[in-house]
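Each residue of the sequence shown is one higher than the last, beginning at 44 in this note's numbering.
For glycine and all other residues, C-beta sits at the position ideal for the given N, C-alpha and C.
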Amino acid sequence: MSIQTLKQHDPATTTIGILGAGKVGTGVARQAIKAGYRVLIAASGDPKDISLIISVMAPGAVAVSAAEAMAAADLVVLSVPLHKFRTLDPAGLAGKHVLDTMNYWRDTNGDMPELEAAPSSSEMVHAHIPGARLAKSLNHIGYHELELDARPAGAPDRRALAVTSDDGQTRDLVLGFVEHLGFDAVDGGSLAGGAAFEPGTPIFTGSYDRPGLQAELLAHAAGATGEGRELAPAH
Ligand SMILES: NC(=O)c1ccc[n+]([C@@H]2O[C@H](COP(=O)([O-])OP(=O)(O)OC[C@H]3O[C@@H](n4cnc5c(N)ncnc54)[C@H](OP(=O)(O)O)[C@@H]3O)[C@@H](O)[C@H]2O)c1
């Protein structure tokens with residue numbers, strides 16, 4: 044990918060490598076294919092095991108191994124269950140632009156006390172893949188809404204999604220990616236700011252246009268919302 048301005052990249056010359064071939068992974072793949080990206084997608088095992096389902100669920104995407112997806116991607120999308128984050132290969136992701144779409148759900152992921160030290164779950168993920176250039180987005184939209192809510196730029200009912208990262212180039216690339224998928228992309232600042240759109244927050248449960256999302260992000264930054272994650276088991 045030879046990109047001067049990552050925000051204005053050309054999908055035709057950009058490869059997306061998706062780790063996770065489940066609901067979100069295939070949903071992102073479908074939208075990315077529509078937008079003109081080359082899409083590689085991997086589950087945890089042999090690509091032959093998912094090639095049929097990928098040909099049905101995301102026609103045009105290519106089933107590959109996780110190692111191949113990471114190596115070839117200009118942007119790697121992480122869409123695996125959060126409790127599997129330690130199965131991600133730090134060496135394969137080192138130096139890569141990486142988009143974390145993952146969320147913490149206690150019923151699915153179990154207790155994860157390591158989240159206590161993380162402003163957003165993305166910091167916990169980043170501690171495992173410190174060489175990755177990490178951004179957070181697409182976690183606050185249902186997998187089915189990726190298609191249902193996508194609109195062309197300028198549509199009056201276009202939904203907005205937030206993007207956070209500590210890396211300016213990665214943030215720009217992901218802002219552009221989200222726009223190409225069919226959403227107004229809003230810069231939510233540093234990776235820690237992703238706490239504003241995790242489960243339990245108004246942004247996570249709601250649907251906003253650009254001004255509405257910007258207002259919610261500001262309200263969260265000002266401490267105006269009282270939401271928070273449940274990290275400890277319920278007694
Ligand atoms: N469901 C939603 O609407 C939604 C929306 C936004 C965000 N999210 C978040 O997105 C993530 C994925 O959710 P999902 O609903 O798509 O899960 P899912 O349907 O259970 O799919 C998970 C996928 O991850 C794969 N996987 C596990 N470990 C892997 C690894 N190390 N490398 C590559 N692939 C691996 C699994 O493959 P194997 O079968 O080979 O293990 C499976 O294909 C979760 O963190 C979730 O919280 C979900």
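Can you tell me where the alpha helix (DSSP H) holding residue i begins and where it ends?
{"i": "Asp150", "result": "149-152"}
{"i": "Val217", "result": "211-224"}
{"i": "Leu191", "result": "188-191"}
{"i": "Ala264", "result": "253-264"}
{"i": "Lys66", "result": "66-78"}
{"i": "Thr130", "result": "Counting along the chain, Thr130 falls outside any alpha helix (DSSP H), and DSSP gives it neither H nor E."}
{"i": "Ala112", "result": "109-115"}
{"i": "Ile246", "result": "245-248"}
Exposed or buried, what is residue i when buried is set at 16 or more other beta-carbons lying within 10 Å of its beta-carbon?
{"i": "Ala112", "result": "buried"}
{"i": "Glu241", "result": "buried"}
{"i": "Pro81", "result": "According to the sequence as given, residue 81 is Arg; it is not Pro. The residue is buried, with at least 16 neighbouring Cβ atoms inside 10 Å."}
{"i": "Val99", "result": "exposed"}
{"i": "Asp53", "result": "exposed"}
{"i": "Lys179", "result": "buried"}
{"i": "Gly269", "result": "The pLDDT assigned to Gly269 is 46, lower than 50, so where the model puts this residue is not dependable; a value taken from the coordinates is nonetheless given after this. Classification for Gly269: exposed."}
{"i": "Ala275", "result": "With a pLDDT of only 35 at Ala275, under the threshold of 50, the placement of this residue in the model should not be trusted, and no figure is reported."}
{"i": "Ala175", "result": "buried"}
{"i": "Arg202", "result": "buried"}
{"i": "Pro90", "result": "buried"}
{"i": "Gly236", "result": "buried"}
{"i": "Leu218", "result": "buried"}
{"i": "Ala86", "result": "buried"}
{"i": "Ala161", "result": "buried"}
{"i": "Thr144", "result": "buried"}
{"i": "Ile97", "result": "buried"}
{"i": "Glu259", "result": "buried"}
Report yes if the CB atom of residue i is closer than 8 Å to the CB atom of residue j, and no otherwise.
{"i": "Ser122", "j": "Val67", "result": "yes"}
{"i": "Leu204", "j": "Ile184", "result": "yes"}
{"i": "Val120", "j": "Ile59", "result": "yes"}
{"i": "Ile246", "j": "Leu261", "result": "no"}
{"i": "Leu294", "j": "Leu181", "result": "The displayed coordinates of the chain run from 44 to 278. Any statement about residue 294 would go beyond what the structure contains."}
{"i": "Leu234", "j": "His171", "result": "no"}
{"i": "Asp208", "j": "Leu177", "result": "Looking at the sequence shown, residue 208 is not Asp but Ser. The answer is yes: Cβ separation under 8 Å."}
{"i": "Ser164", "j": "Tyr147", "result": "yes"}
{"i": "Leu216", "j": "His140", "result": "yes"}
{"i": "Gln51", "j": "Gly225", "result": "no"}
{"i": "His126", "j": "Asn152", "result": "yes"}
{"i": "Gln212", "j": "Leu95", "result": "no"}
Can you tell me where the beta strand (DSSP E) with residue i in it begins and where it stops?
{"i": "Ser98", "result": "Note, Ser98: premise wrong, no beta strand (DSSP E); alpha helix (DSSP H) at 94-100."}
{"i": "Ser165", "result": "Ser165 -> not in any beta strand (DSSP E); alpha helix (DSSP H) instead, spanning 164-171."}
{"i": "Asp227", "result": "227-230"}
{"i": "Arg202", "result": "It is not in any beta strand (DSSP E) - Arg202 carries neither H nor E in the DSSP assignment."}
{"i": "Gly63", "result": "Gly63 -> no beta strand (DSSP E), and no H or E assigned at all."}
{"i": "Asp89", "result": "Counting along the chain, Asp89 falls outside any beta strand (DSSP E), and DSSP gives it neither H nor E."}
{"i": "Asp143", "result": "140-143"}
{"i": "Val123", "result": "No beta strand (DSSP E) contains Val123, which DSSP labels as neither H nor E."}
{"i": "Leu42", "result": "No answer is possible for residue 42: the residues shown for the chain start at 44 and end at 278."}
Since residue i contacts residue j with CB under 8 Å, what's their CB separation in whole angstroms?
{"i": "Ala104", "j": "Ala72", "result": "4 Å"}
{"i": "Met101", "j": "Thr56", "result": "Checking the displayed sequence, the identity of residue 101 turns out to be Ala instead of Met. Incorrect: roughly 20 Å between the Cβ atoms, too far for contact."}
{"i": "Met196", "j": "Glu222", "result": "Note that residue 196 is Ala in the sequence shown here, rather than Met. Between Glu222 and Ala196 the Cβ distance is about 7 Å, and since that is below 8 Å, they are a contact."}
{"i": "Arg253", "j": "Asp227", "result": "4 Å"}
{"i": "Arg214", "j": "Val206", "result": "6 Å"}
{"i": "Leu131", "j": "Phe220", "result": "Going by Cβ atoms, the distance from Leu131 to Phe220 rounds to 19 Å, so no, they are not a contact pair."}
{"i": "Ala116", "j": "Ile84", "result": "Ala116 to Ile84, Cβ: 10 Å. No contact."}
{"i": "Ala110", "j": "Gly88", "result": "12 Å between Cβ atoms; not a contact."}
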